[in-house]
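Student: If you count the sequence shown from 1, you need to add 11 to reach the numbering used here.
Note that beta-carbon positions come from the ideal geometry of N, C-alpha and C, so glycine has one too.
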Amino acid sequence: MRRAPTLALLMLPALVWLYGWRTIDTVEWRTITAAPFAVALDPAQQFLYGSPFTFLLGSYYQRQGLTFDAAFVVVHGAGLIFFAATLFHCLTTLCSASGRAAGLIVLAGSPLLFVVLTWIGKSDPYLLSFYLLLVCTRSPFTQALLAVLMIACHRELATAILIAHSILYGPARAVVYGAIAGLTGSVAFTFFLLQSVPASRFDFMLANAADLLRRVAAYPLTYIVAALGPFWLYLARPSALTARRVVVLIMATSLAVLTFDFTRVFVIVSTPLLLVITREVVDELRNGGMVFWGHRVGLGVLAVLAFAQLQIAGAKVLWVRGVEWMLTR
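#1: For the alpha helix (DSSP H) holding H87, just list the boundary residues, first then last.
#2: Could you give the distance in angstroms between the alpha-carbon of F99 and the alpha-carbon of A19?
#3: Terminal residues of the continuous alpha helix (DSSP H) containing V343?
#4: Who are I116's beta bridge partners in DSSP?
#5: So for I131, helix, strand or coil by DSSP?
#6: Assuming contact is defined by CB atoms lying nearer than 8 Å, are T282 and L157 in contact in what I supplied?
#7: If you run the structure through DSSP and keep just helix, strand and coil, what is V308?
#8: Exposed or buried, what is D135 when buried is set at 16 or more other beta-carbons lying within 10 Å of its beta-carbon?
#9: Taking the Cβ atom as the reference point for each residue, do V146 and L286 lie within a distance shorter than 8 Å?
#10: Pick out the complete alpha helix (DSSP H) segments inside the stretch 240-268, 4 residues or longer, and give them in chain order.
#11: Cβ of G31 within 8 Å of Cβ of S121?
#12: Can you name the residues that DSSP bridges to M7?
#13: Since G114 and L102 should fall inside the 8 Å C-beta cutoff, what is the C-beta to C-beta distance between them, to a whole number of angstroms?
#14: Compute the Euclidean distance between the alpha carbons of S177 and A183, then round it to the nearest angstrom.
#15: When the Cβ atoms of the stretch 186-197 are set against those of the stretch 240-252, are three or more pairs found closer than 8 Å?
#16: Check whether the Cβ atoms of A238 and T195 lie closer than 8 Å to each other.
#17: Alpha carbons only, please: which of A112, V84, L118 is nearest the one belonging to Q320?
#18: Between which two residues does the alpha helix (DSSP H) containing A220 stretch?
#19: What's the C-alpha gap between G110 and V278?
#20: Helix, strand or coil for T201? Go by DSSP, reduced to three states.
#21: Three or more C-beta pairs closer than 8 Å, one from the stretch 246-260 and one from the stretch 215-224: is that the case here?
#22: What's the C-alpha gap between A49 and T201?
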């Protein structure tokens, strides 16, 4: 545990270098931020209007004189910084100041950091940041407000995260009220503030359900293994898989199957479970190491596991290993 800060400082830049970062939805972001209340996208992309938080931020900054590129960098750069700060705060709260570096190493065994860095353009950093703050606060009002902000970032994913949170921790009245208020506001925005009612994610799912299911059915094991990467090793222990946690995993799988972003959706919906497991593993590490099949494993081994993500790792991997590593996105 004493080496944890050094390992985390070495591991994080190595992960960023290996996997890099990528942007997405830049054309759609430009279109929506130019006129956030006019439905101008193709129906296949109109579900983006249901997640207005970053688009409204981008529109505001452009009206303050920033160019599209500058506004994109400000909004999404701030989102990444916000995510880093809230993750640091959350791990400090859950694992203590002495265990937060170890918690980061354990959490990096999941594709969560990979997803945040390779889907820049989505509202995921803000969505996750608001949830991390929700986990750490005891104020009912703040919890309700954060739930509203989560739904403004992504109505469907936020709802799934809050359901997973309630399954694991028990339903909290403030979270329920915040979710209801957020969903009400989201519906009001969609039906009354937008120029016309856009196609929803449910419409997208119905239109593509057969293709989505066929895609996952062709390589089910690959999709499932890639969904949490090495973090599955922490979950595979008999003591880790309680009935409530299995329910969360089933829900995450059911939602991810019906999207093109299987890994992204799965790991984001599973975030409440990732935090619970991370805290448990850090507690085990404090007691001499984590037990894998009767053998104690130290933090150094867990840090190496973080690099074994079954994702596209970019051109750098070609000369590192000489083999192209390309599975599901």
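Tutor: To lay it out plainly:
#1: Segment 79-106, the alpha helix (DSSP H) holding H87.
#2: Rounded to whole angstroms, F99 to A19 spans 12 Å at the Cα level.
#3: Lying outside 12 to 340, the shown extent of the chain, residue 343 is not represented and no answer is given.
#4: I116 is not bridged to any residue.
#5: Strand at I131.
#6: No, these two residues do not count as a Cβ contact at 8 Å.
#7: Of the three classes helix, strand and coil, the one that applies to V308 here is strand, per DSSP.
#8: Buried: at least 16 other Cβ atoms inside 10 Å.
#9: A contact, by the Cβ cut-off of 8 Å.
#10: Residue ranges of uninterrupted alpha helix (DSSP H) with 4 or more members, entirely inside the stretch 240-268 and ordered along the chain, are 243-246, 254-268.
#11: No, they are not a contact pair.
#12: No answer is possible for residue 7: the residues shown for the chain start at 12 and end at 340.
#13: Rounded, the Cβ-Cβ distance is 4 Å, consistent with contact.
#14: In a straight line, the C-alpha of S177 is about 7 Å away from that of A183.
#15: As far as the Cβ criterion goes, the stretch 186-197 does not touch the stretch 240-252, which means the pair count is below three.
#16: The Cβ atoms of A238 and T195 lie no closer than 8 Å to each other.
#17: With distances taken between Cα atoms, Q320 lies closest to L118.
#18: Counting along the chain, A220 sits inside the alpha helix (DSSP H) bounded by residues 212-229.
#19: Taking the straight line joining both Cα atoms gives about 22 Å.
#20: Residue state, collapsed to three classes: helix.
#21: By the Cβ test, the stretch 246-260 is not in contact with the stretch 215-224, since fewer than three Cβ pairs between them sit closer than 8 Å.
#22: For A49 and T201, the distance between alpha carbons rounds to 11 Å.
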